[in-house]
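In the working numbering, the protein residues as written are 42 to 589.
Where is the CB? At the ideal position from N, CA and C, for every residue including glycine.
Everything on this sheet refers to the single structure shown next.
So, in structure tokens, the structure goes:
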């Protein structure tokens, strides 16, 4: 150390710096300050390369020679210090530099670009990754480009991903063909199976997510389980044609609290044909749980100004919305109109300041839309956008006429006629009068997944960096965690009270309350273990706490 300059010796290992300040007759000694960091040799760490598209030893289906997406994902130890300085693919002597929307993010090391093949037949691709310090890692794969193919059926999840009452999410990688202009229809067939046939006795919400070539997760479809049974359903996923290619990450997720767990099968049936558009970009704008009828935040879904990329030829807004919570009265809880599960609402789709579509969010459940009957429970009752034992409704709203304007200012307006008079933010909510309790955990919510699908015959629609959407969020601190006797809550939420529901590992309610700003609660009577905290404001957050 010389002055304020620290010079490293070149040795690897842990470096600790300690600053001290002695006291004197006037001042006490300052506490020592210690800072520690690690010095590494960049040449000692190779990149773990996963070639995702085209996957090794697979066919690429091209009725005509057209550009395809090349896609790799990368991981390297000490990713906070070692940057991916250059990522490229070499095919037939041609270099293609890959780009990413989130460079050097260890949670999203996805790189991609397009390549235009000049011939059919076998090809060898070498991926070369240069990290900080000039360390180069390579990996090679081969693939065959062909126009000789027929209908294709691919089974991905096959009982190997399991969600249980203690594990609500499972992730796996599965190989799908790479293709352009080869299939005009893709159907997903979902078999909902339970471990050893022992199913959760209630209807639980879940579904399947998929990770695209940019490394972004998005909901593929939503499924609500039947009451204690096994069923099956189908859904059109043709709009995801440019996502469901190569080595694809899938996530199975279900919030379940009893039974032995779910172990479904997911098969994709791809029909040979000439699609109207070769490429489809899917960008998820909304994926969240929003309150329905909150007096202080009646319209919680953020507006999005979506700018169309060049060469967009057609576009649509794809929505999945399902309503949940209702007046169960199991815990002396009520809301207005049995919302949102059993409330027949009409929401509005406003584009560029004008209402263009409405969404009558209601579904007939008897007969069951997936033929999942008979089953136990209340499956016969119509619901808000879904039925037990079936895939949730998918809504498509055409945006094509707005392409010429360059953008679509999207406002998803919840039914403006509905207010939950039992919400703690409603000024006339009075315990024992309008509701049994105004801090009831049954305030209605809508689970919303909204995507823009842009269609084109030009590949650049997949490689243009998409519009980024800033989400309106709030922060909640829960401390200490783990806790023994007292649990403290604080938040910067600006729209009134937050509703809090705490459940144990069996899904049973142990606490419910509201707070504005901060609150402390006594948890000394709770058994040791893991608990889940659900906090409802303009969106819903779920946190995990431990009681000792």
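Distance, residue j Cα to residue i Cα
| i | j | result |
| --- | --- | --- |
| residue 42 | residue 138 | 41 Å |
| residue 55 | residue 86 | 17 Å |
| residue 309 | residue 292 | 15 Å |
| residue 147 | residue 117 | For residue 147, the predicted structure reports a pLDDT of 46, less than 50, and the residue's modelled location is therefore unreliable. The matter cannot be settled from this model. |
| residue 143 | residue 286 | Summary for residue 143: the model assigns pLDDT 47, below 50, so the residue's position carries little reliability, and this model does not support an answer. |
| residue 319 | residue 468 | 53 Å |
| residue 91 | residue 378 | 51 Å |
| residue 563 | residue 296 | 27 Å |
| residue 170 | residue 94 | 16 Å |
| residue 494 | residue 446 | 17 Å |
| residue 96 | residue 132 | 14 Å |
| residue 329 | residue 451 | 16 Å |
| residue 129 | residue 303 | 40 Å |
| residue 228 | residue 284 | 14 Å |
| residue 399 | residue 391 | 9 Å |
| residue 359 | residue 50 | 57 Å |
| residue 389 | residue 448 | 19 Å |
| residue 221 | residue 527 | 58 Å |
| residue 145 | residue 112 | At residue 145, the pLDDT of 43 sits below 50, so the modelled position is not reliable and the matter cannot be decided from this model. |
| residue 242 | residue 199 | 23 Å |
| residue 421 | residue 409 | 8 Å |
| residue 61 | residue 125 | 38 Å |
| residue 107 | residue 504 | 15 Å |
Burial state of residue i, where buried means 16 or more other Cβ atoms lie within 10 Å
| i | result |
| --- | --- |
| residue 48 | exposed |
| residue 520 | exposed |
| residue 525 | exposed |
| residue 121 | exposed |
| residue 364 | buried |
| residue 393 | exposed |
| residue 80 | exposed |
| residue 53 | exposed |
| residue 45 | exposed |
| residue 288 | buried |
| residue 565 | exposed |
| residue 342 | buried |
| residue 538 | buried |
| residue 114 | buried |
Run of the beta strand (DSSP E) containing residue i, from where it starts to where it stops
| i | result |
| --- | --- |
| residue 139 | First-last for residue 139: undefined, no H or E at that position. |
| residue 185 | 176 to 187 |
| residue 408 | Premise fails: residue 408 is in no beta strand (DSSP E) and is neither H nor E. |
| residue 490 | 486 to 497 |
| residue 67 | From DSSP, residue 67 is part of no beta strand (DSSP E); its letter is neither H nor E. |
| residue 414 | First-last for residue 414: undefined, no H or E at that position. |
| residue 58 | 54 to 62 |
| residue 354 | That residue, residue 354, is in no beta strand (DSSP E); it is neither H nor E in DSSP. |
| residue 390 | 386 to 392 |
| residue 453 | 448 to 454 |
| residue 570 | 570 to 577 |
| residue 50 | Note, residue 50: premise wrong, no beta strand (DSSP E); not H, not E. |
| residue 78 | 71 to 80 |
| residue 553 | 550 to 556 |
| residue 547 | Unbroken run through residue 547: none, as it is neither H nor E. |
| residue 107 | Segment: none, residue 107 is in no beta strand (DSSP E) and carries neither H nor E. |
| residue 19 | This structure leaves residue 19 out entirely; the chain is present only between 42 and 589. |
Proximity winner among the options, relative to residue i (alpha-carbon distances)
| i | options | result |
| --- | --- | --- |
| residue 160 | 171, 298, 109 | 109 |
| residue 567 | 551, 484, 558 | 551 |
| residue 540 | 331, 265, 172 | 331 |
| residue 456 | 339, 80, 288 | 339 |
| residue 267 | 140, 433, 348 | 433 |
| residue 352 | 498, 549, 366 | 498 |
| residue 196 | 396, 307, 73, 284 | 307 |
| residue 278 | 547, 435, 242, 130 | 435 |
| residue 76 | 58, 84, 385 | 58 |
| residue 123 | 194, 112, 418, 150 | 150 |
| residue 588 | 576, 581, 572, 242 | 572 |
| residue 464 | 454, 480, 473, 474 | 480 |
| residue 411 | 542, 532, 276 | 276 |
| residue 453 | 250, 431, 488 | 488 |
| residue 354 | 184, 182, 440 | 440 |
DSSP beta-bridge partners of residue i
| i | result |
| --- | --- |
| residue 217 | 287 |
| residue 114 | 91, 151 |
| residue 260 | 250 |
| residue 364 | 487 |
| residue 98 | DSSP lists no partner for residue 98. |
| residue 130 | 137, 168 |
| residue 474 | Paired residue(s): none; residue 474 is not in a bridge. |
| residue 265 | 246, 431 |
| residue 560 | 530 |
N-terminal and C-terminal residue of the alpha helix (DSSP H) that residue i is part of
| i | result |
| --- | --- |
| residue 503 | 501 to 504 |
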